[in-house]
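A.B. asks: Take this structure first; my questions come after.
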């Protein structure tokens, strides 16, 4: 699996990992799941920004950065490529998690 690493504005390099903390911080964000369920192409620009901001905060917090929401947004450079890497890495890790979850559910169904 490809490693996704983001260069933050404070000079640190952060690997994009998804763990329990990521899911925890995302579920605490208002409107996150509502926005995430919408088809990506149907999101308005403000909705895309809200989704990206929530993802940035959750990823930074769950990967060991003790930051506020505003600090998390300041740490991500205004570089389309860095933001794309961050969100692409997050999406890939979430897809991997969802596949594992589905496989476990299928195995559990097969055992009953």
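In our numbering, the protein residues as written are 340 to 451.
Using N, Cα and C, we set each Cβ at its ideal position, and we do this for glycine too.
Look up residue 384 in the DSSP assignment and say whether it is helix, strand or coil.
C.D. replies: In the displayed model, residue 384 falls within a helix according to three-state DSSP.
A.B. asks: Considering only the alpha carbon of each residue, which of 398, 367 and 369 lies closest to residue 422?
C.D. replies: Residue 398 is the option with its Cα nearest to residue 422.
A.B. asks: Could you tell me which residues DSSP pairs with residue 352 in its beta bridges?
C.D. replies: 346
A.B. asks: Can you tell me the Cβ-Cβ gap for residue 370 and residue 389, rounded? I've got them flagged as a contact below 8 Å.
C.D. replies: 7 Å
A.B. asks: Looking at C-alpha atoms only, which residue of 392, 420, 419 and 449 is the closest neighbour of residue 408?
C.D. replies: Selected option, being the one with the closest Cα: 392.
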